[in-house]
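Structure first, commentary second.
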Amino acid sequence: MSFFRHVGAVAWKDLRVELRSREIVYTMAFFAALLVVVFSFAFVQDPKLSASATPGVVWCAVAFAGTIGLGRAFDREREGDTMRALLLTPASRLAVFLGKAASITLLIVSVELIVAPMVAVLFNVPLFDHPLPLLILLVLGALGFSLVGTAFAAMLLRVRSRDVLLPVVLYPILVPMFIAGTKGTGALLGAAPDLTAAWYWVQFLGIFDAAFLVVSMWTFESLVIE
Amino acid sequence: MKKVLYPLVAAASASLLVWTIVEIFYGTPLQYTAEAPTQSLFFNQKIFYWHVPHAMLLFALVFICGIASAGYLKNRKGSWDDVALAGGELAVVYGAIVLGTGMIWGRAAWGVWWQWDMRLTTSLLLWMVMLGYVLVRRFGGAGSERLAAGLAVFGMIDVPLIYFSVKIWNTVHPKAEVVQTLDPAMKPAFWLSFLAIAMLLGLITLLRVVVASGERSVRELRERAIDGGLLDE
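Going down the list, the sequences are from chains H and V.
For the first sequence, this note's numbering assigns the number 1 to the initial residue and increments by one for each residue that follows.
For the second sequence, this note's numbering assigns the number 1001 to the initial residue and increments by one for each residue that follows.
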């Protein structure tokens, strides 16, 4: 039972630091909003094009903003030299990992909650006709992103060129997640929304998250360099 | 032992490759009827004997790299890491060959250089994971072996996920069962080609492992010398 208390403590620590400064969530959200605006210059010409570009825009914004958030979340530990302190606490490394991943998931979800309505308005698409599958897709996507991302960002903590290497190692691994996310979101749009396909992709994301939860829990212990 | 073995294997695979090429052009029927009954393929189909063995070996290399990396993470023996490095680097080379020959085939058979087909996409994404692996090894600096090993393990788990995520899309690629349902007249040439390419790959992998372990011992010796005060930084 104490394991979950440790997870909660690490996650709450991160969120409390964030709630005091709101640095990561503001920069992430603003960056994602900027991306959506830039994309809308390229894609909002005729309604057909903008409808088919919508899922890609949502998930691109999530991916880029998430990468920024990940980098910052771990820079904070590095600058304060607190990663070692965190690992020296009686909490197991797994608890540290899961707590970090949970707090980053929450940050990404909060950015998604800003980006998705914004895309719906700027691109003029009925993104919220089926809110439940969309919400599940976005949450599962954020979870998968932060599980893999936290593992890699923690590994890169002491590497010099980490800002360049993080997306390079992260995106190829995350491609199945982006395929599932964009295809699932796309299935909810259009004249005839395909709910069966959307639920298929929801299940796929669930499997993706479960697989990488297991792998990252197995590898995290031996990967964090301190 | 090594002095005899390496040239011997090299000579054997070289002669097998020559034999394979002769066999491909003179020993097999010209046309491939099961998938494309039209006459349009002609000689283009010959690339099959080159493309498919490389593709099979690419997946083998990815799994070698992934399993060796998992072993390295588990017991921290440098020799596991040497194997993983060799597998990762060669996977990049073989991936380039697979994608190159595949694109040539695609242009001839389907009229386009690229299709978002599941096997093409899977190979491309795998290739990108392995490129990431090599990039991390090159530019990651100290401690990058463990990071790269983690990436390789994640990449290995990613293979089925990529495959099934792309599978939903229409596929134009000849089915993977093609090797079992091959025209009997084509089988000897195919397996000969596979043997030749696999033998060559085995030799290159072995040599790369030897070089990697040599590099590692030089590095370790240097570190020991610095620690012992015999060398300056």
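For each residue, glycine too, the CB sits at the ideal point set by N, CA and C.
Quick caveat, the model's predicted, so the values are computed rather than measured.
Residue-level contact to chain H via CB, F1063(V), 8 Å cutoff
no
Could you tell me whether any Cβ in chain H is nearer than 8 Å to the Cβ of S1165(V)?
yes
Name the chain V residues whose beta carbon is nearer than 7 Å to that of I173(H)?
V1129, F1154, G1155 and D1158
Considering only DSSP beta bridges, list what D46(H) is partnered with.
V44(H)
Tell me the DSSP secondary structure of K1077(V) in three-state form.
coil
S1217(V) CB to nearest chain H CB: under 8 Å?
no
From I1064(V) to V1083(V), what does the alpha carbon distance come to, in whole angstroms?
8 Å
Please report how far the alpha carbon of E1023(V) lies from the alpha carbon of G1095(V), in whole angstroms.
25 Å
Given a cut-off of 8 Å, decide if V1166(V) and V1062(V) are closer than it, judged by their beta-carbon atoms.
no
By DSSP, does G1229(V) sit in helix, in strand, or in coil?
coil
Report all residues from its chain with a CB closer than 7 Å to the CB of S146(H); omit the five preceding and five following residues, and keep chain order.
A101, I104, T105 and I108
Where in the region 178 to 218 of chain H do unbroken runs of the alpha helix (DSSP H), each at least 4 residues long, occur, reported from the N-terminal end onward?
none
Tell me, to the nearest whole angstrom, how far the beta carbon of G1143(V) is from that of R158(H); I am working on the premise that it is less than 8 Å.
6 Å
Have a look at T54(H) and G144(H) and give me their C-alpha separation to the nearest angstrom.
21 Å
What number of angstroms, rounded off, separates the C-alpha of R76(H) from the C-alpha of L70(H)?
10 Å
Rounded to the nearest angstrom, how far is the Cβ of T1101(V) from that of H1054(V), given a contact under 8 Å?
7 Å
What's the call for A1011(V), buried or exposed, on a 16-neighbour Cβ count within 10 Å?
exposed
Inter-residue Cα distance where the pair is A29(H) and R1076(V)
41 Å
Does the Cβ of Q1115(V) have 16 or more other Cβ atoms within 10 Å, making it buried, or fewer, making it exposed?
buried
C-alpha gap between A1068(V) and R1219(V), whole angstroms
20 Å
Output needed for H6(H): all residues of its chain with C-beta closer than 6 Å, excluding positions within five of it in sequence on either side, in chain order.
A91 and A95
Interface residues of chain V around L156(H) at Cβ under 7 Å?
L1147
If the cut is a Cβ gap below 7 Å, which residues of chain A does F1190(V) touch?
Annotation note: the requested chain A is absent from the structure, which comprises protein chains H and V.
Could you compute how far the alpha carbon of L138(H) sits from the alpha carbon of L87(H)?
31 Å
Cα-Cα separation, D1117(V) to I179(H):
13 Å
Note down the Cα distance separating T89(H) from L195(H), rounded to an integer number of angstroms.
46 Å
Hey, how far is the Cα of M1103(V) from the Cα of H1051(V)?
10 Å
Members of the region 37 to 51 of chain H near chain V, C-beta cut-off 8 Å
none
Using the three-state DSSP reduction, which class does P90(H) fall into: helix, strand or coil?
coil
Measure from the alpha carbon of F212(H) to the alpha carbon of each residue in L165(H), T82(H), L19(H) and L140(H), then state which is nearest.
L140(H)
Cα-Cα separation between G1078(V) and Y1163(V), rounded to whole angstroms:
31 Å
Give the DSSP-derived three-state secondary structure of P1184(V) in the structure shown.
coil
Close-in-space but distant-in-sequence residues of the same chain around E221(H) (CB under 6 Å, 5 per side omitted)
R93
Taking only runs that begin and end inside the region 120 to 159 of chain H, name each unbroken alpha helix (DSSP H) of 4 or more residues, in chain order.
131 to 155
Quick one: which residues of the region 170 to 200 of chain H get their C-beta closer than 7 Å to a C-beta of chain V? List them in chain order.
P172, I173, V175, P176, I179 and A180
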